[in-house]
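Reminder that position 157 of the sequence shown reads as 163 in this note's numbering, one-by-one numbering, no gaps.
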Amino acid sequence: MSNTLPHLTGIEDLDKEEIISLLDRAQSYADKLEKGNWKSDLLKDKVILQLFFEASTRTRISFEMAAKRLGASVINWNAESSSMKKDESFLDTIQTLGAMRPDAVVIRHAEYNAPYFVSTQMECPVINAGDSYHEHPSQALLDALTIRQAKGKIEGLTVTICGDVAHSRVANSNMMLLDKLGAKLRVIAPYELMPENFPVAKGEVKTFSSLEEGLPGSDIVMVLRIQKERMESSLIPDTTQYFRSFGLTPDRLDLAGLEALVMHPGPMNRGVEISDDMADHPTRCLVKKQVANGIPTRMAILDRAFSKK
Ligand code: NCD
Numbered sequence: 007m008s009n010t011l012p013h014l015t016g017i018e019d020l021d022k023e024e025i026i027s028l029l030d031r032a033q034s035y036a037d038k039l040e041k042g043n044w045k046s047d048l049l050k051d052k053v054i055l056q057l058f059f060e061a062s063t064r065t066r067i068s069f070e071m072a073a074k075r076l077g078a079s080v081i082n083w084n085a086e087s088s089s090m091k092k093d094e095s096f097l098d099t100i101q102t103l104g105a106m107r108p109d110a111v112v113i114r115h116a117e118y119n120a121p122y123f124v125s126t127q128m129e130c131p132v133i134n135a136g137d138s139y140h141e142h143p144s145q146a147l148l149d150a151l152t153i154r155q156a157k158g159k160i161e162g163l164t165v166t167i168c169g170d171v172a173h174s175r176v177a178n179s180n181m182m183l184l185d186k187l188g189a190k191l192r193v194i195a196p197y198e199l200m201p202e203n204f205p206v207a208k209g210e211v212k213t214f215s216s217l218e219e220g221l222p223g224s225d226i227v228m229v230l231r232i233q234k235e236r237m238e239s240s241l242i243p244d245t246t247q248y249f250r251s252f253g254l255t256p257d258r259l260d261l262a263g264l265e266a267l268v269m270h271p272g273p274m275n276r277g278v279e280i281s282d283d284m285a286d287h288p289t290r291c292l293v294k295k296q297v298a299n300g301i302p303t304r305m306a307i308l309d310r311a312f313s314k315k
């Protein structure tokens with residue numbers, strides 16, 4: 007029905023030029039927001055429907071903030087209080103909501119490719135806010151914006167992703183984006199959390215089973231939570247032992263180099279993948295910057311949804 011619309015179902019569908027154009031647009035919104043809280047009426051005639059079938063703090067609020075900063079109205083639909091609780095099927099629910107003719111849909115879902123499926127049922131742009139362990143394009147874009155601001159570039163940087171890469175949509179989308187933009191990728195994970203394949207076409211991903219081996223020479227270290235909800239049984243039963251081997255601390259970050267910076271998409275599990283003093287580090291941890299960049303990045307994504315020819 008609607009796949010010529012400017013959906014954003016994944017980084018996979020974007021080429022390097024489209025990614026750079028989104029990042030430039032996001033940076034121009036970031037500059038405007040930097041000067042004080044800025045609001046426009048660009049999307050004042052738009053109503054955006056947010057469908058979150060999975061829990062979210064950052065992503066849902068950040069899309070809503072972005073939409074409202076551009077003047078749009080936002081409706082938050084919630085699976086818990088919907089007719090799906092009365093056994094309505096997913097397809098009927100989606101078709102019912104589509105019949106109300108929202109101007110755009112932002113969706114998070116536990117099923118792989120659900121946003122793509124929804125895009126085939128809606129006559130408006132559909133934006134993926136995270137599906138299963140597949141893609142989380144807005145997170146990868148806000149991470150890229152954060153790296154570009156902190157390091158001045160992406161091409162040629164060594165970005166090391168640590169932790170539960172096998173179950174992470176954040177890692178997947180980030181690897182695709184960073185590969186398209188010419189970064190060098192490494193993954194550090196225990197055997198149980200290491201993916202079998204990597205979604206990269208240009209470069210390669212170097213894999214390591216310890217921080218000591220994988221960190222030296224990294225410009226950016228991205229740390230990930232263990233995604234217990236996406237495992238059939240707990241692959242990491244002992245989180246204290248996991249922290250001893252894979253928990254990032256300021257001392258361990260020094261192994262990467264004194265200029266290396268830390269990122270985490272949140273939610274952080276302190277004492278599991280990251281220590282308190284690393285998570286709260288005033289200069290080497292970019293987590294709050296990532297959260298702040300979520301808003302201009304999602305403004306750019308919404309702007310694209312309504313402006314692409
Ligand atoms: C992540 C997600 O939901 O994919 N969080 C986020 O959106 N910032 C990562 C996670 O849940 O671990």
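Ideal placement from N, C-alpha and C gives every residue a C-beta, glycine not left out.
Straight-line gap, residue i to residue j (C-alpha atoms, nearest Å)
i: Ala116; j: Gly263; result: 37 angstroms
i: Leu187; j: Ala72; result: 25 angstroms
i: Lys74; j: His173; result: 32 angstroms
i: Ile67; j: Leu76; result: 14 angstroms
i: Ala61; j: Glu86; result: 10 angstroms
i: Lys22; j: Met128; result: 27 angstroms
i: Ser95; j: Val111; result: 18 angstroms
i: Lys159; j: Met106; result: 43 angstroms
i: Leu103; j: Ile113; result: 12 angstroms
i: Pro337; j: Ile26; result: Outside the displayed range of the chain (7 to 315) lies residue 337, so it cannot be described from this structure.
i: Phe59; j: Asn84; result: 7 angstroms
i: Thr245; j: Leu151; result: 32 angstroms
i: Gly136; j: Phe249; result: 26 angstroms
i: Asn275; j: Glu210; result: 29 angstroms
i: Glu161; j: Glu24; result: 16 angstroms
i: Ser32; j: Asp309; result: The sequence given here has Ala at residue 32, not Ser. If I take the Cα positions, the gap works out to 10 angstroms.
i: Asn134; j: Lys294; result: 22 angstroms
i: Val316; j: Gln233; result: The structure shown has nothing for residue 316, since the chain only spans 7 to 315.
As assigned by DSSP and simplified to three states, the class of residue i
i: Lys52; result: coil
i: Glu141; result: strand
i: Leu241; result: coil
i: Arg304; result: helix
i: Thr15; result: coil
i: Asn43; result: coil
i: Ser68; result: helix
i: Ser95; result: coil
i: Ser119; result: It should be noted that the sequence gives Asn, not Ser, for residue 119. Three-state result, Asn119: coil.
i: Phe58; result: strand
i: Ala110; result: strand
i: Val297; result: helix
i: Ser34; result: helix
i: Val124; result: helix
Burial state of residue i, where buried means 16 or more other Cβ atoms lie within 10 Å
i: Thr63; result: exposed
i: Gln247; result: exposed
i: Glu40; result: exposed
i: Ala311; result: buried
i: Glu141; result: buried
i: Leu97; result: exposed
i: Met7; result: Unreliable positioning characterises Met7 in this predicted model, as indicated by a pLDDT of 44, which lies under 50. The coordinate reading is nonetheless provided below. Exposed, because fewer than 16 other Cβ atoms sit within 10 Å of the Cβ of Met7.
i: Tyr139; result: buried
i: Gln101; result: exposed
Heavy atom of the ligand ADP within 6 angstroms of residue i beta-carbon
i: Gly253; result: Inclusion of the ligand ADP in the displayed structure is not the case, the ligand content consisting of the ligand NCD alone.
Between the stretch 224-234 and the stretch 164-172, do three or more beta carbon pairs fall short of 8 angstroms?
yes
Pick out the complete alpha helix (DSSP H) segments inside the stretch 132-204, 4 residues or longer, and give them in chain order.
143-157 and 175-186
Count Cβ pairs between the stretch 81-99 and the stretch 144-155 that sit closer than 8 angstroms; are there 3 or more?
no
Entirely within the stretch 203-275 and at least 4 residues each: give me those alpha helix (DSSP H) ranges in chain order.
217-220, 245-252 and 256-262
Three or more beta-carbon pairs under 8 angstroms between the stretch 32-46 and the stretch 121-137, yes or no?
no
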